[in-house]
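Here's the structure, in structure tokens; my notes come after.
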Amino acid sequence: MQQITFEQALENIQARDPRFHRDSYYFVREALDHTQKCIVKENRGQLRHVSGQELLSGIRDFALAQFGPMALTVFDEWGIHTCRDFGEIVFNMVETGWLAKTETDSREDFQDGYDFNQAFRNPFLPKSKLKSTPDPLAC
């Protein structure tokens, strides 16, 4: 069986599901690479499967580093409004064979992610504008 290129997979995905901008797929692929590197570092060189929640965390970190305070604007332009949208992107990639999943992976893994405002806007607000509750996403 001939493996398709990422570009071919993307064309197949967008023909079936045009909700998300092409760049969102490149971003998720790069965010997955970022997340895997973090996991390898934490596990002393051992690569393992990335869960949906781990990927969401990696997406958040990668987006903040790449786009800073513009992350919400970029995601809005790409049609991404919730963590569930990232799950749709991931599973679109799984269905084309570009990503693999385990038996326990599902779209629902992305359902209870984070609030986009809290994740992508709050890190850039002045402390005087933030509520006094601790950030549950902080390390």
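Numbered by our numbering, the letters in the sequence shown go through residues 67 to 205 in order.
A virtual CB, placed ideally from N, CA and C, is assigned to each residue, including glycine.
This structure is a prediction, so every number in the text was calculated from the model and none was measured.
{"Query": "Q119 to D178 span [Cα, whole Å]", "Result": "9 Å"}
{"Query": "Whole-number beta carbon distance between D175 and S90, since they are thought to touch under 8 Å", "Result": "Incorrect: roughly 18 Å between the Cβ atoms, too far for contact."}
{"Query": "Proximity of I146 and V94 at Cβ, strictly below 7 Å", "Result": "no"}
{"Query": "Reference H100, options L122, D83, I79 and P84, closest by Cα", "Result": "L122"}
{"Query": "Neighbour-count burial assignment, L191, 16 or more Cβ in a 10 Å radius", "Result": "exposed"}
{"Query": "Buried versus exposed call for M136 [16 or more other C-beta atoms within 10 Å across all chains shown]", "Result": "exposed"}
{"Query": "Neighbour-count burial assignment, N109, 16 or more Cβ in a 10 Å radius", "Result": "exposed"}
{"Query": "Nearest candidate by alpha-carbon position, reference D171, set V140, Y180, E96 and V160", "Result": "V160"}
{"Query": "Backbone CA spacing between F72 and K195 [nearest angstrom]", "Result": "42 Å"}
{"Query": "Alpha-carbon to alpha-carbon, H87 and N183", "Result": "21 Å"}
{"Query": "F206 versus G111: straight-line alpha-carbon distance, rounded", "Result": "Residue 206 falls outside the range modelled here, since the chain spans only 67 to 205, and no answer is possible."}
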